[in-house]
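The numbers in our numbering rise by one with no breaks, and the one at position 11 of the sequence shown is 1182. Just so it is clear, CB atoms sit at the ideal spot from N, CA and C, and this is done for glycine as well.
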Amino acid sequence: MAGIMNNRIKKYNEFETQDYFTNGKYCLEAANHLYKFDKVKRFYPVGLLIVHALELLLKAFINHFDSHQFTNVQKLHDLQKLHGKAVDIDVSKNVGIFSHELNSNILRFIRDFYGDSVAVRYKITDCILDFKIIISIKEKMVNPMENLLRNHHLTNSSRG
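See the structure below:
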């Protein structure tokens, strides 16, 4: 049993940027699909997919641009801290993904739907989301990151 558990932990720890990015992108696409086809207009389950997508995409960003910082946040699930770390890296490395619009949308989503208070947790079960967050994350975060990761992969594969 210990061997199986160690293998699972090892696999989790060996996730690469592309793994986090792809899984985050799929969560966002699933949320968009549910919304687009009028399956659900409320927070649950679309909002939870967005929460998970944001967590994975922020981890992908941090891992790609500052792998040393990533070890500190790898098991972190606090969107506010992950977002803050990603923005710090974005500014310090002059990446330019976290625009004012993207930051505002992410912070509004975190404030409104990802609070720690019990009141917010009860509120989110039946509140209506502003689904522009999905478009904002896709256009301002996913697409630019996808291009950066693709270019990085092409650059590295041409060297070796």
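Query: Closest Cα partner of G1218 within the set L1228, N1203, L1229; Result: N1203
Query: Anticipated Cβ contact below 8 Å, P1315 with I1268, distance rounded; Result: 5 Å
Query: Buried or exposed by the 16-neighbour rule on C-beta atoms within 10 Å, applied to T1188; Result: buried
Query: C-beta atoms of I1221 and H1254 nearer than 8 Å; Result: no
Query: Candidates H1239, R1282, S1238, Q1240, of which the one nearest L1250 by Cα; Result: R1282
Query: Which of helix, strand or coil DSSP assigns to E1187; Result: coil
Query: Straight-line Cα distance separating I1304 from F1280; Result: 8 Å
Query: Classification of S1307 by the beta-carbon crowding that lies within 10 angstroms, buried from 16 upward; Result: buried
Query: Assigned exposure category for H1223 - 16 Cβ within 10 Å defines buried; Result: buried
Query: Proximal residues to Y1191 (C-beta, below 8 Å), its chain only, five neighbours per side dropped; Result: L1227, L1228, K1230, A1231, N1234
Query: Identity of the residue in F1236, E1200, K1246 nearest V1262 by Cα; Result: F1236
Query: Exposed unless 16 or more other CB atoms sit within 10 angstroms - verdict on F1208; Result: exposed
Query: Distance, R1321 Cα to N1265 Cα; Result: 18 Å
Query: Other residues of its chain near M1312: CB distance less than 7 Å, five sequence neighbours each side excluded; Result: L1228, I1268, L1273
Query: Closest residue to L1300 among F1284, K1309, K1246 (Cα-Cα distance); Result: F1284
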